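Our numbering numbers the first residue of the sequence shown as 1 and each following residue consecutively. Where is the CB? At the ideal position from N, CA and C, for every residue including glycine. None of these values were measured; they are calculated from a predicted model. Input: a single structure, listed below in structure tokens.
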Amino acid sequence: MPRMSARARELRHLRRITEKRSIAAASRDLLSDHDASQDEMDEHWQLEYERVQASRYFDRPSRYRRRKDCWLKLLNDREYMNDTEFHEHFRLDRDVFYRLVDLVKDDPVFFSKGTKPFRGGAVLHLMVLLKFLGTYGNDNSNRKIGHFLGIARGSVPNYLFRVSSAVMRLEAATLS
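In structure tokens:
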């Protein structure tokens, strides 16, 4: 026997409730016992049944969750991550980090060809690269870096590719 979907189970549950409540409403009507609160409850359950029946999917969030920009907290909140911890994670001091951001922020690789800009811009891209270069072993995985900085694990290689090409373009300008 095939499994019922969550929507079908909920519809069956609500249908049973509305059937029982309609029988109770009919008996109240026969006994001339009009109860406004019970009538409101009957209407509530009927509307709930119609809402679930009208929706294609049951219990879907109206807005999907989005990761918090915890990388901003890592970067700006000195109580959350002091300068020593920042240096341990990213292998640069904050002021040197910002100077490096100023060097790469105007690179064309950070400008999206689509309608949405890249999340975090050059700052987040550079944080991904420095975290990647500063870790080894199991901590150097897309999942761990993505979780640490609050980005999707599938985006980590894209960020690395973009920022590494921008940093490599700096080689000729900075070494000469």
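CB ARG169 to CB ARG153, shorter than 7 Å? no
Using only CA atoms, which one of LEU129, GLU19 and TRP71 lies nearest to ARG162? LEU129
Do you know whose CA, among LEU75, LYS116 and LYS113, lies nearest PHE148's CA? LEU75
Residues in its own chain within less than 8 Å of ARG51 by CB, not counting five upstream and five downstream? none
Would you kindly work out how many angstroms separate the C-alpha atoms of ARG56 and SER164, rounded to a whole number? 44 Å
Can you tell me whether HIS125 is buried or exposed? The criterion is at least 16 other CB atoms within 10 Å of its CB, across all chains shown. buried
Indicate the three-state DSSP secondary structure (helix, strand or coil) for ALA25 in the structure shown. helix
Of all the options ARG119, LEU92 and GLU10, which has the alpha carbon lying nearest to the alpha carbon of GLN53? GLU10
Contiguous alpha helix (DSSP H) assignments of at least 4 residues, all confined to the segment 76–160: 83–90, 94–104, 121–134 and 142–149
Count the other CB atoms within 10 Å of the CB of ILE145; is the residue buried (16 or more) or exposed (fewer)? buried
Own chain partners of GLU48 with C-beta closer than 7 Å, once the 5 adjacent residues on each side are dropped: LEU14
Work out the CA separation of LEU160 and PHE86 for me, nearest whole Å. 19 Å
For ARG67 and TYR80, what's the separation of their Cα atoms in angstroms? 18 Å
Rounded to a whole number of angstroms, what is the C-alpha to C-alpha distance between ASP83 and GLY121? 22 Å
Alpha carbon to alpha carbon, what distance is there between VAL123 and SER5? 44 Å
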